[in-house]
Structure formats: C-alpha cells, structure tokens
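Protein chains: 2
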Amino acid sequence: MALEVFARAGFHGASMNDVADAAGVTKPVLYQHFDSKRELYQALLEEVGTRLLRNIDKAASEATDGKSQTELGFRAYFRWVAEDHDAFLLLFGSGSRRDNEFAAAVRRITAESANAIAPLIAVDIDEDHRTTIAHALVGLAEGASRRLVDRGDAFDPDEIAAQVSALAWAGLRAVQRVD
Amino acid sequence: MALEVFARAGFHGASMNDVADAAGVTKPVLYQHFDSKRELYQALLEEVGTRLLRNIDKAASEATDGKSQTELGFRAYFRWVAEDHDAFLLLFGSGSRRDNEFAAAVRRITAESANAIAPLIAVDIDEDHRTTIAHALVGLAEGASRRLVDRGDAFDPDEIAAQVSALAWAGLRAVQRVD
DNA sequence: GCCGCCGGTTACCATTGGGTAACGTATGTC
DNA sequence: GACATACGTTACCCAATGGTAACCGGCGGC
Chain A
37 MALEVFARAG
47 FHGASMNDVA
57 DAAGVTKPVL
67 YQHFDSKREL
77 YQALLEEVGT
87 RLLRNIDKAA
97 SEATDGKSQT
107 ELGFRAYFRW
117 VAEDHDAFLL
127 LFGSGSRRDN
137 EFAAAVRRIT
147 AESANAIAPL
157 IAVDIDEDHR
167 TTIAHALVGL
177 AEGASRRLVD
187 RGDAFDPDEI
197 AAQVSALAWA
207 GLRAVQRVD
Chain B
37 MALEVFARAG
47 FHGASMNDVA
57 DAAGVTKPVL
67 YQHFDSKREL
77 YQALLEEVGT
87 RLLRNIDKAA
97 SEATDGKSQT
107 ELGFRAYFRW
117 VAEDHDAFLL
127 LFGSGSRRDN
137 EFAAAVRRIT
147 AESANAIAPL
157 IAVDIDEDHR
167 TTIAHALVGL
177 AEGASRRLVD
187 RGDAFDPDEI
197 AAQVSALAWA
207 GLRAVQRVD
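Protein chains in written order, with the working numbering: chain A, 37 to 215; chain B, 37 to 215.
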C-alpha cells in the first residue's frame, strides 16, 4: 500500500512508480484518483491522523476522571502505534513536518491531542503556557513511541501506557505557576 | 549560512545553489569543502548536535542532586532552542529523521540525552523500559520546543524549563514497576 | 463477425538539481 | 611586459522523476 511505501521511504524517497507498484497498478491509474503526488500524500496524512484522533477521543470519552482519562488516552495512543507502525512513521517519523503544507496537517493532529490534554492541567497558569505543556505531553508519547518503533521489536502498549501515563499524571499535578 | 537554509527548507527543499548563495559563494566552491550534499548536511547535523549535547552536559554536571540536574538540563536545552531556532529545526524539525543515514545522527543525540536522564529513574524497572521512559522525557522537551518554535514569538526559556522540569521530576518519581 | 468504446499500459516529455569540466582573471614572478 | 599559477565562475551534463499523451486489447452492441 501507499502508506507503507511512504512510511518507509518518506515523501521524497518514494516515487510515484514505487507507490503504484506497491498498489499493484501503474502510474496513470494513480493519477485518475489523485491529481498530484502531494494530494495523495496529504490524503494519507489526513486519513491516518483522523484515525488516531478518533481512537484517542473514543478511549478518553469513556473515562470519568482526569486520571483515568490520561491512562486511557495514552493507552489508545500506544495501541495505535503498536498496531500501525507505518501510520506512526508517516505522521511523526517525519519528513511530513518539513513541508509547510504537510506540517499543517501534522500540527492539526498534535494540536487536537494537546487540546484534549490541556484541561487536565489544574493550575491557573495562562492559556499559552498551558498549551505548551500540553504539547510537551504529546511529545512525551511521541518520544517513547519513536524509540519503540526504532527498536523494531514488538512491545506491550498497555504496559508502556501505564508507565508513561503515571509519569504524565504525576507531572501534570506538579506544574506550578511561575512568576 | 547553510544551517539557516537547510533549517528553513529541509534537505530536499534546499538546493546546493541555495546553500552556496546564502554562503556568498558558488557551487563549485562548496564542493571543494564537501564531497557531496549529503556530507555537508551530515557535518551540520553533527556540529549542531554536539553543541547541544555539550551545553546539556555542562549544565547538568554542575548539579549536585537529581532534581537540580533535571532542572539545569532542561534549562540548558530550552536556552539552546531559544537562541538557536535553526539548529532545533535542523535536528528535530525533521526531514533529518527520514533518511536512514541522517536519522542515525539524530538518534545519537537523543540517545545520549536519554542516557543522561535514565539514571534519574529510581525504580528498579528493567533497563529497557527505563531507556524508553528516558526517551519519552527527551520527547517531552522536543514537543514543548516544537510548539514554541512554531509559534514564532520569543519565549523565556528559563520559565518553560521550570515548568517542564517540574513536570518531569515529579513524573520520574512516579514511574512504577508494572507486572 | 465487425465496430466503437473504455480502462489500462507503455512510452515519452520537461524540469529540477547534483555534480563537474572548461574557461577567465587577477596576482606575483622573472 | 610576458608568463604561469591559483582560485572562482559560468556553463554544461545527466540521472531521476512528476506528470501526460498516444497506443492497445477486450468487451458489448449491431
């Protein structure tokens, strides 16, 4: 599939012929569905990103308090990484963050994730700092995932989620206003 | 400078002519110093990454206990980001993580940062999980920085460092063994 | 059985950009 | 003042690749 090809080689590293071959068709057929390489790539980004967000939203919505929301959110995230390495690589293995147009799509995903986290920060720091901290926590998950994916071996997403969310939750409680 | 050009446009987005122009020379002159575009880029990565690591090492070595080591380490990191956006973008704005050869350089940086953090995790979880958590914390800083750099406005690195390191330190204490 | 349409393929075009060879010029020496 | 050397520039080559036009074979209708 196109996702796999782009995930492995990146936007520039994969040619339309590569993508076509992987899909078992030829280039002109690809161009019947997408006007350009960029459009195809962007469509993939959107699809993959939306899937991630939906997973997280669904999981978090089942939580009753902040703590379990954190746990379930991270668990959904790491499960997604575990079962869809390629999707993770496409979004965060990057090259997607290089190009302005693509970066916007990735930012949308991280921003929405951050928005889900921001309310969990209790202290009354200003909105801007709160958002930055929320983005930091998104990075937390990304950093752990990158290592796991790089290592290549399978891993237990729930186990990782337990540790990372413990870290995150304790951390969230500790953020202080700074004068 | 070459750093600025690559930071803005990425490896693929910047041509050797662009780099040469920015440096006030012409392409062949560039090729007197570097055998290829890749080599030039890699040299930049190494230089920039080493600078970051040196800053962190120096700062952390002045700390007496784990808590202040965390604080000083993050402070050095965010100061580096604040005063050298381009370096941050080159390493983590990515595109650098796409290419296997370049990714190795970036991994070296993150791995060394993680190694500095790992010993601060007190619980006796196995080495592998400890390292993953350490990478997560590196991602924490990266996530916050990306937002700050994306926003574009100047920011106070010490203030961010205070909040992020508070989060990190509290989080580190909370990581549990999982059975 | 012949004709036309339609989906797909091959073969091609044009641009971009890494890398280099050939050229020109200034400077210092005899 | 003529020549050689060294350095930088222009001009070029060629491979890769996004995108497309022209071709081809099979299938349904007459």
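Ideal Cβ positions, reconstructed from N, Cα and C, are used throughout, including at glycine.
Only a predicted model underlies this, so the values are computations on that prediction, with no experimental measurement involved.
#1: Suppose the cutoff is 8 Å on Cβ atoms and the five residues either side in sequence are ignored; what does the same chain contact list for residue 70 of chain B look like?
#2: Quick check on residue 134 of chain A: does DSSP put it in helix, strand or coil?
#3: Taking residue 165 of chain A as the query, report the chain B residues whose CB atoms sit under 7 Å from its CB, ordered along the chain.
#4: What is the DSSP secondary structure of residue 86 of chain A, counted as helix, strand or coil?
#5: Got a sec: is the Cβ-Cβ distance from residue 46 of chain A to anything in chain B below 8 Å?
#6: What residues from the segment 75-107 of chain A come within 9 Å of chain B, judged by C-beta to C-beta, listed N to C?
#7: My assumption, with CB atoms under 8 Å, is that residue 211 of chain B sits in contact with residue 199 of chain A. Please give the rounded CB distance.
#8: If you measure from the beta carbon of residue 209 of chain B to each beta carbon in chain A, is any gap under 8 Å?
#9: Is residue 211 of chain A helix, strand or coil when you go by DSSP?
#10: I need the straight-line Cα distance from residue 59 of chain B to residue 162 of chain A, nearest angstrom please.
#11: Helix, strand or coil, according to DSSP, for residue 145 of chain B in the structure here?
#12: Tell me, please, whether the CB atom of residue 203 of chain A is closer than 8 Å to any CB atom in chain B?
#13: To the nearest angstrom, report how far apart residue 206 of chain B and residue 118 of chain A are at their CA atoms.
#14: Since I believe residue 140 of chain A is in contact with residue 85 of chain A (beta carbons under 8 Å), could you give me their beta-carbon distance rounded to a whole number of angstroms?
#15: Just how far apart, CA to CA, sit residue 143 of chain B and residue 133 of chain A?
#16: Could you name the residues of the same chain whose beta carbon sits closer than 6 Å to that of residue 149 of chain B, not counting the 5 residues immediately before and after it, in chain order?
#17: Apart from the five residues just before and just after residue 81 of chain B, which ones in its own chain have a Cβ nearer than 8 Å to its Cβ?
#18: If you count every other CB in all the chains shown that lies within 10 Å of the CB of residue 72 of chain B, and 16 or more means buried, which is it?
#19: Is it a yes or a no for the segment 92-99 of chain B touching the segment 186-197 of chain A, going by three-plus beta-carbon pairs under 8 Å?
#20: According to DSSP, is residue 188 of chain A part of a helix, a strand, or is it coil?
#21: Less than 6 Å between C-beta atoms, sequence neighbours within five positions excluded: which residues of the same chain meet that for residue 55 of chain A?
#22: What are the boundary residues of the alpha helix (DSSP H) that includes residue 107 of chain B?
#23: Among A/74, A/65, A/68 and A/209, whose alpha-carbon lies nearest the alpha-carbon of residue 50 of chain A?
#24: Please classify residue 196 of chain B: does DSSP put it in a helix, a strand, or coil?
#25: Can you pull the chain A neighbours of residue 186 of chain B, defined as C-beta to C-beta under 8 Å?
#26: Can you find a CB in chain B that lies within less than 8 Å of the CB of residue 109 of chain A?
#27: Looking at residue 43 of chain A and the ligand NAP, is the gap between the Cβ and the nearest heavy atom below 7 Å?
#28: Closest by CA to residue 155 of chain A, which one among A/147, A/166 and A/135?
#29: Hey, residue 180 of chain A and residue 171 of chain B are a contact pair by Cβ (cut 8 Å); roughly how many whole angstroms apart?
#30: Once DSSP output is grouped into helix, strand and coil, what is the label at residue 52 of chain B?
#31: Using alpha carbons as the reference points, say which of A/43, A/192, A/107 and A/135 lies closest to residue 152 of chain A.
#32: For residue 66 of chain A, I'd like the list of residues in its chain whose CB is within less than 8 Å of its CB, leaving aside the five on either flank, ordered along the chain.
#33: Count the other CB atoms, across all protein chains shown, that sit within 10 Å of the CB of residue 97 of chain A; report buried if there are 16 or more and exposed otherwise.
#34: In three-state DSSP terms, what is residue 97 of chain A?
By the coordinates alone:
#1: For the purposes of this step, residue 70 of chain B is identified with residue 34 of the second sequence, where counting begins at 1. Cβ neighbours of residue 70 of chain B beyond the five flanking positions: 76 and 79.
#2: If you number the first sequence from 1, residue 134 of chain A lands on position 98. Coil.
#3: As a position in the first sequence, residue 165 of chain A is number 129, starting the count at 1. Those within 7 Å of residue 165 of chain A in chain B are 199.
#4: For the purposes of this step, residue 86 of chain A is identified with residue 50 of the first sequence, where counting begins at 1. Residue 86 of chain A falls in the helix class under three-state DSSP.
#5: Numbered from 1 along the first sequence, position 10 holds the residue referred to as residue 46 of chain A. For residue 46 of chain A, the answer is yes, since a Cβ of chain B falls inside 8 Å of its Cβ.
#6: none
#7: Residue mapping note: residue 211 of chain B aligns to position 175 of the second sequence, counting from 1. Residue mapping note: residue 199 of chain A aligns to position 163 of the first sequence, counting from 1. The Cβ separation is near 5 Å, so the contact holds.
#8: For the purposes of this step, residue 209 of chain B is taken as residue 173 along the second sequence, with counting starting at 1. Yes - at least one Cβ of chain A is within 8 Å of the one on residue 209 of chain B.
#9: Walking along the first sequence from the start, residue 211 of chain A turns up at place 175. Coil at residue 211 of chain A, not helix or strand.
#10: The count along the second sequence starts at 1 and reaches residue 59 of chain B at position 23. The count along the first sequence starts at 1 and reaches residue 162 of chain A at position 126. Their backbone Cα atoms lie some 42 Å apart in a straight line.
#11: Within the second sequence, numbered from 1, the residue matching residue 145 of chain B stands at position 109. Looking at residue 145 of chain B - three-state DSSP - the assignment turns out to be helix.
#12: In the first sequence, counting from the first residue as 1, residue 203 of chain A sits at position 167. Cβ-Cβ to chain B under 8 Å: yes for residue 203 of chain A.
#13: For the purposes of this step, residue 206 of chain B is taken as the residue at position 170 of the second sequence. For the purposes of this step, residue 118 of chain A is taken as the residue at position 82 of the first sequence. Whole-angstrom Cα-Cα distance: 27 Å.
#14: Taking the first residue of the first sequence as position 1, residue 85 of chain A is located at position 49. Taking the first residue of the first sequence as position 1, residue 140 of chain A is located at position 104. Going by Cβ atoms, the distance from residue 85 of chain A to residue 140 of chain A rounds to 11 Å, so no, they are not a contact pair.
#15: For the purposes of this step, residue 143 of chain B is taken as the residue at position 107 of the second sequence. For the purposes of this step, residue 133 of chain A is taken as the residue at position 97 of the first sequence. In a straight line, the C-alpha of residue 143 of chain B is about 17 Å away from that of residue 133 of chain A.
#16: The sequence position of residue 149 of chain B within the second sequence is 113, counting from 1. Same-chain partners within the cutoff: 174.
#17: Position 45 of the second sequence, counted from the first residue, corresponds to residue 81 of chain B. Excluding sequence neighbours, residue 81 of chain B sits near 126, 127, 132, 138, 141 and 142.
#18: The sequence position of residue 72 of chain B within the second sequence is 36, counting from 1. Answer is exposed; the Cβ neighbour count stays below 16.
#19: no
#20: The residue you call residue 188 of chain A lines up with position 152 of the first sequence. Coil, per DSSP.
#21: What you label residue 55 of chain A is simply residue 19 of the first sequence in a count that begins at 1. 38 and 41.
#22: One-based indexing of the second sequence puts residue 107 of chain B at position 71. Per DSSP, residue 107 of chain B belongs to the alpha helix (DSSP H) from 102-119.
#23: Along the first sequence, read from residue 1 onward, the residue named residue 50 of chain A stands at position 14. Measuring from the Cα of residue 50 of chain A, the nearest candidate turns out to be A/74.
#24: For the purposes of this step, residue 196 of chain B is taken as the residue at position 160 of the second sequence. In the structure shown, residue 196 of chain B sits in a helix (DSSP, three-state: H, G or I).
#25: Taking the second sequence and counting its residues from 1, the one referred to as residue 186 of chain B is at position 150. 143, listed in chain order.
#26: Counting from one through the first sequence, the residue named residue 109 of chain A turns up at place 73. Not closer than 8 Å to any Cβ of chain B, the Cβ of residue 109 of chain A fails to qualify, so no.
#27: As presented, the structure is devoid of all ligands, the ligand NAP included, so that no description of it is given.
#28: Counting from 1 along the first sequence, the entry for residue 155 of chain A is found at position 119. Nearest C-alpha to residue 155 of chain A: A/166.
#29: The residue labelled residue 180 of chain A in the question sits at position 144 within the first sequence. The residue labelled residue 171 of chain B in the question sits at position 135 within the second sequence. With 8 Å as the limit, residue 180 of chain A and residue 171 of chain B qualify as a contact, their Cβ atoms being about 6 Å apart.
#30: By 1-based counting over the second sequence, the position of residue 52 of chain B is 16. Three-state result, residue 52 of chain B: helix.
#31: Walking along the first sequence from the start, residue 152 of chain A turns up at place 116. Per the Cα distances, A/107.
#32: On the first sequence, position 30 is the one that residue 66 of chain A refers to. Closer than 8 Å at Cβ, skipping near neighbours: 52, 55, 56, 59 and 76.
#33: Counting from 1 along the first sequence, the entry for residue 97 of chain A is found at position 61. Residue 97 of chain A is exposed by the Cβ-count criterion.
#34: Locating residue 97 of chain A in the first sequence gives position 61, where the first residue counts as 1. Correct three-state label for residue 97 of chain A: helix.
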